[in-house]
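**Student:** Residue numbers (this note's numbering): 6 to 163.
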Amino acid sequence: MTGLRHWFEGRSLREKRLLLVMAALAVLTLLWGAVIRPVGDGLSSARERHANAVTRLGETQAMVALLRDAQRSRPTPLTGSLDAIVRTQADLAGFAITSLDQEGADRVRIVMPSARPGALTAWLARLERAGILVDALTMTDKGDRTVSVTMTLKARAA
């Protein structure tokens, strides 16, 4: 250490000032690189994680609210047999059913030779709101803007 002091004292006043400025800048650079920059990056990362967590929380709360609404607005149980209800709803919607076979207490298989796709999907949405779900569906394009349909419908479990 004394060798360094003798070396420093042997410098001119101008060189001493330049060496002190250089040492101060080196300390500031090390302080910035070792302390200030990592702390700033950590805070930025924490803010980003917090924003993501708040977004996920909001999305989760919205999904929970949707599920609660869906549970509250459950359709009432079907009042008649599934095949009679489906046949009545199809007649009201104007669909011609060539085959309607009961496949158990809560399942029916339907064949429609011709249906317009838009009207069919709207009818299926109405059935779903009434508590009748599509279990399987096959639509074949007939080339005249209609489809032939084979589907299996089932009653929603209570």
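Every residue gets a Cβ at the ideal spot worked out from N, C-alpha and C, and that includes glycine.
Can you name, in chain order, every residue of its own chain whose Cβ lies under 6 Å from the Cβ of Ala95, other than the five neighbours on each side?
**Tutor:** Indexing the sequence shown from 1 puts residue 95 at position 90. Within the same chain, Ala95 has close Cβ partners Ile102.
**Student:** Which of the three DSSP states, helix, strand or coil, is assigned to Ala120?
**Tutor:** Numbered from its first residue, the sequence shown carries residue 120 at position 115. Correct three-state label for Ala120: strand.
**Student:** For Leu138, write down the residues that DSSP places opposite it in a beta bridge.
**Tutor:** If you number the sequence shown from 1, residue 138 lands on position 133. In DSSP, Leu138 forms a bridge with Lys159.
**Student:** Please confirm if the region 62–80 is in contact with the region 108–120, defined as three or more CB-CB distances below 8 Å between the two stretches.
**Tutor:** Verdict: no, contact absent.
**Student:** Return the CA-CA distance between Ser3 and Val32, expressed in angstroms with no decimal places.
**Tutor:** Here the chain covers residues 6 to 163 and nothing more, so residue 3 does not appear.
**Student:** Give me the residue from Arg19, Gly123 and Ala160 with the minimum Cα distance to Ile90.
**Tutor:** Taking the sequence shown and counting its residues from 1, the one referred to as residue 90 is at position 85. Residue Ala160 is the option with its Cα nearest to Ile90.
**Student:** Label Val40 either buried or exposed according to how many other C-beta atoms from any shown protein chain fall within 10 Å of its C-beta, with 16 as the threshold for buried.
**Tutor:** To locate residue 40, count along the sequence shown from 1; it is residue 35. Classification for Val40: exposed.
**Student:** Tell me the residue span of the beta strand (DSSP E) that contains Asp111.
**Tutor:** Reading the sequence shown from its first residue, position 106 is the one you call residue 111. Per DSSP, Asp111 belongs to no beta strand (DSSP E) and is neither H nor E.
**Student:** Compute the distance between the beta-carbons of Leu83 and Gly136, then report whether it is under 8 Å.
**Tutor:** The residue given as residue 83 occupies position 78 in the sequence shown. The residue given as residue 136 occupies position 131 in the sequence shown. Yes, the Cβ-Cβ distance between Leu83 and Gly136 is below 8 Å.
**Student:** Considering just the uninterrupted stretch of the alpha helix (DSSP H) at Asp74, what are its terminal residues?
**Tutor:** Position 69 of the sequence shown, counting from 1, holds the residue named residue 74. Run containing Asp74: Arg42 to Arg77, per the alpha helix (DSSP H) assignment.
**Student:** To the nearest angstrom, how far is the alpha carbon of Leu132 from that of Ala58?
**Tutor:** Taking the sequence shown and counting its residues from 1, one reaches residue 132 at position 127. Taking the sequence shown and counting its residues from 1, one reaches residue 58 at position 53. Those two C-alpha atoms are separated by around 38 Å.
**Student:** With burial defined as no fewer than 16 other Cβ atoms inside 10 Å of the residue's Cβ, what is the status of Ala120: buried or exposed?
**Tutor:** As a working mapping, residue 120 is identified with position 115 in the sequence shown. Classification of Ala120: buried, given that the 10 Å Cβ count is 16 or more.
**Student:** Could you spell out the range, first to last residue, of the alpha helix (DSSP H) harbouring Ile90?
**Tutor:** Within the sequence shown, the letter at position 85 stands for residue 90. Run containing Ile90: Leu87 to Ala98, per the alpha helix (DSSP H) assignment.
**Student:** Determine whether the beta carbon atoms of Val116 and Leu129 lie at a separation below 8 Å.
**Tutor:** Along the sequence shown, one-based indexing puts residue 116 at 111. Along the sequence shown, one-based indexing puts residue 129 at 124. Contact: no.
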